[in-house]
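Here the structure comes first, spelled out in structure tokens, and everything after it is commentary.
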Amino acid sequence: MATSHSSATSTTPSRNGNCRVTSPDTTSCTSQAPVVTPPKRRPHRIYQPAKNSLYDIFEQHSGTALFVRPICWTDLHAQLLGVKWEELLPCDTPQSTISPATPPSPGHLNPSNTIITLNNALAYILLPDTMHPILTSNAVKTALMTLWPKAFSEPHYLPEFHLYFGGLVYRNAVPAQILWNFPSDEAKSSYSSFRSVSARPAKSSNVSTQLPPNQSPANLPMICYVGKTQLASVRNNSFRLACGPGRPWNEPVFRLQQLRARMLVPLNSDHDAHFVGIFLGMAQKHFYPSLPITGRRDLRISPEQGIPPYPNFHDLKLRILTH
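First residue of the sequence shown: -3, per the numbering used here; consecutive thereafter.
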């Protein structure tokens, strides 16, 4: 009966070189590199921003350094975004009329605890010396809570607003000092009193007439406080020069950083472009849902995550307190 066998050739080292040995008991085995198919690269998606959106406006001026955080925004940002600053008449009424012959009222001689608390808070706010931002924030909170206790009963310290921009959301991009949300239904009466007394109305209509009938601003941003001194301090500290151990002071770099900080100072402190960023952050919170907790500073958004790319925007009336 015929039999068949296979042979293999192996190479073994020897003193004089390599010798080839064939063995009838071994099977030939040839090792070949596995064929690896390179992964297909995803085609680059060209993002088409919505007309007159933030991304569209900034993209039209891509040669300018516009893509920075709002604390580094300049007057050019406000100009390109079409911001219009309108100075209202001073709110100086009603005023008490006291003639020299009128004796002081009992409230002047023996002020109540409420009057003392309000007076101390206003004195802290109007101090010419620079105070710690926490002390100033507490004074502003005390003054507003004394005048309108229900509307300002729940302050949120050091809020940081997200910015939704070009399919991405930049987390905690816009800081402020205090935030108050719109009051709930049971506190609306106190808010109405604040709205009618605190400031003169602008040309735009009221918030309640601008909101869709099925959407309520309750528990969403209403008013923020940020001090001008605090904004200047943050800008100066953004360009600090840290020297390592054993390294001398670098005066040229320090002067360059100081120059960069001065370039961010607005021509008019009442028209600070950072206020525009705060308004955007407050307004966007009315239309975008809360984000998942993550350590990333930027996050791509998609409709699958329940975040609409083009929400149903409408006009809002928000406020910023500053001094």
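Just so it is clear, CB atoms sit at the ideal spot from N, CA and C, and this is done for glycine as well.
Residue 217: not part of any alpha helix (DSSP H); member of the beta strand (DSSP E) spanning 217 to 221, first to last residue. The C-beta of residue 158 has 16 or more other C-beta atoms within 10 Å across all chains shown, which makes the residue buried. Counting only residues of its own chain and dropping the five nearest sequence neighbours on each side, residue 218 has a CB closer than 6 Å to the CB of 176, 177 and 178. Exclusion of the five residues before and after residue 281 leaves 157, 216 and 217 as the residues of its chain whose Cβ lies within less than 7 Å of its Cβ. Residue 50 is positioned such that its CB atom lies no closer than 8 Å to that of residue 148. Apart from sequence neighbours up to five positions away, the residues of its chain that approach residue 65 with a beta-carbon distance below 6 Å are 169, ordered along the chain. Cβ-Cβ distances below 7 Å link residue 140 to 148 in the same chain, with the five nearest sequence neighbours on each side left out; the list follows chain order.
DSSP places residue 178 in the strand class (E or B) of the three-state scheme.
The beta carbons of residue 76 and residue 57 sit closer together than 8 Å. When DSSP states are grouped into helix, strand and coil, residue 119 belongs to the helix group.
Secondary structure of residue 140 (DSSP, three-state): helix. Annotated three-state conformation of residue 77 is coil, per DSSP. Burial state of residue 63 is exposed, judged by a 10 Å Cβ sphere holding fewer than 16 other Cβ atoms.
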